[in-house]
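In this note's numbering, the protein residues as written are 533 to 914.
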């Protein structure tokens with residue numbers, strides 16, 4: 533049972549954090565805009581222009597989407613503070629213990645709601661709400677690296693399941709002995725890109741190799757590329773003359789039709805050299821449509837990076853997938869630790885991370901970016 537002197541500092545600290553939200557959520561502006569839009573909706577003749585009316589309603593809902601979670605959080609905290617005062621007045625006994633237990637539950641719920649709202653407030657990018665395309669590539673390490681790609685695919689599959697997102701495999705190339713050389717998959721769900729963009733980079737694994745008869749320690753590398761699925765196809769112009777399209781037969785299991793028909797698609801964007809493939813569908817048309825969506829997203833990301841003269845997010849320009857370029861290390865031997873070399877966030881429970889517990893790393897990265905992305909001293913040597 534929590535004690536009043538334990539709960540009170542938690543509630544006071546949460547009250548301070550919630551107060552600080554007012555500025556970076558720009559609540560006053562949202563309330564003023566909401567009042568203006570609601571007044572417009574109540575005016576005579578509002579539905580005379582249905583298109584404009586729908587736009588006004590959509591804008592109203594957008595402001596409410598910011599204000600409602602904040603107001604709910606404030607109400608939760610007020611309930612917890614009120615319940616704490618009532619619990620203090622109860623005499624020692626079962627009733628007091630029950631009231632304090634309820635206060636503890638209210639405090640837990642308020643803190644969880646604050647964390648969720650804080651996370652959402654950090655997703656300010658123009659495409660953070662979009663779906664995402666992810667591509668894993670094996671780097672230095674041979675068969676070890678291919679197996680590492682499979683482990684990462686499993687990790688992101690579990691993370692997506694926890695987040696309530698759907699994952700669809702688009703293309704994969706098996707390794708010679710084990711694992712995958714590369715794979716591309718789509719993740720669809722609310723704010724998928726906003727969260728998964730934190731994972732873009734080179735991932736390093738240190739472990740005792742299951743493929744080494746002498747049980748030696750090996751280091752493997754794999755890279756993850758993350759791009760947003762563009763909702764507006766007009767955002768990127770892909771001219772037919774800039775595309776080289778090849779068809780081929782899908783490999784692996786898949787039935788008689790897949791094995792005998794050139795249903796798989798490979799598209800190369802000549803100006804940038806970007807190549808995408810898709811063999812997930814039995815239909816060549818369906819594979820082409822998905823490949824074009826991935827290509828459009830990658831070309832957009834490439835052009836945006838080129839404009840910023842900071843080609844960190846496009847793997848052709850960020851150096852080799854090897855030592856010195858990693859964003860995160862996963863060490864299983866001689867000790868256990870997963871550490872993000874950008875933010876400094878780390879945990880000793882590597883297995884939980886490999887089982888999809890990535891939320892703390894994503895949260896730390898979003899906070900780090902919000903703070904201006906300061907470099908972690910000595911991170912390159914970690």
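No residue lacks a Cβ here, since even glycine has one placed at the ideal position from N, Cα and C.
Ordered along the chain, which non-local residues of its own chain (more than five positions away) have a Cβ less than 6 angstroms from that of residue i?
i           : result
residue 578 : 585
residue 781 : 794
residue 810 : 702, 703, 797, 819, 822, 823
residue 920 : The requested residue 920 does not occur in the structure, where the chain is confined to residues 533 to 914.
residue 807 : 800
residue 751 : 738
I think residue i touches residue j, with their Cβ atoms under 8 angstroms apart; what is that distance to the nearest whole Å?
i           : j           : result
residue 728 : residue 680 : Contact doesn't hold; Cβ gap of about 18 angstroms is too wide.
residue 829 : residue 665 : 5 angstroms
residue 858 : residue 734 : 4 angstroms
residue 678 : residue 710 : 6 angstroms
residue 756 : residue 714 : The pair is not a contact, with the Cβ atoms about 11 angstroms apart (cut-off 8 angstroms).
residue 609 : residue 547 : 6 angstroms
residue 615 : residue 631 : 6 angstroms
With a threshold of 7 angstroms on Cβ separation, who are the neighbours of residue i within its own chain once the five nearest residues in sequence on each side are excluded?
i           : result
residue 588 : 569, 572, 573
residue 845 : Residue confidence is low: residue 845 scores 46 on pLDDT, short of 50, so the model does not pin down where it sits. Its coordinate-derived value is still stated next. Closer than 7 angstroms at the Cβ level, and outside the excluded window around residue 845, lie 732, 833, 837.
residue 689 : 699
residue 697 : 719, 720, 721, 724
residue 864 : 738, 739, 882
Considering only their Cβ atoms, is the gap separating residue j from residue i smaller than 8 angstroms?
i           : j           : result
residue 550 : residue 646 : yes
residue 900 : residue 874 : yes
residue 639 : residue 612 : yes
residue 684 : residue 649 : no
residue 740 : residue 747 : yes
residue 636 : residue 539 : yes
residue 825 : residue 763 : no
Can you tell me which of the three DSSP states residue i falls into?
i           : result
residue 708 : coil
residue 865 : coil
residue 630 : helix
residue 714 : strand
residue 565 : helix
residue 719 : strand
By the DSSP assignment, the beta strand (DSSP E) with residue i in it spans what residues?
i           : result
residue 686 : Counting along the chain, residue 686 falls outside any beta strand (DSSP E), though it belongs to the alpha helix (DSSP H) covering 675-695.
residue 733 : 733-740
residue 777 : 775-780
residue 668 : 664-670
residue 796 : 796-801
residue 808 : 806-810
Which same chain residues end up closer than 8 angstroms to residue i when comparing Cβ atoms and leaving out the 5 residues on each side of it in sequence?
i           : result
residue 653 : 553, 556, 557
residue 779 : 794, 795, 796, 797, 798, 816
residue 599 : 559, 562, 563, 566
residue 831 : 768, 770, 801, 804, 806
Between which two residues does the alpha helix (DSSP H) containing residue i stretch?
i           : result
residue 753 : Where residue 753 is concerned, there is no enclosing alpha helix (DSSP H), although the beta strand (DSSP E) it sits in stretches over 749-760.
residue 588 : 582-621
residue 882 : 882-886
residue 890 : That residue, residue 890, is in no alpha helix (DSSP H); it is neither H nor E in DSSP.
residue 726 : 724-728
Answer yes or no: the CB of residue i versus the heavy atoms of the ligand COA, is any distance below 7 angstroms?
i           : result
residue 607 : Annotation note on the ligand COA: not contained in the displayed structure, which lists no ligands.
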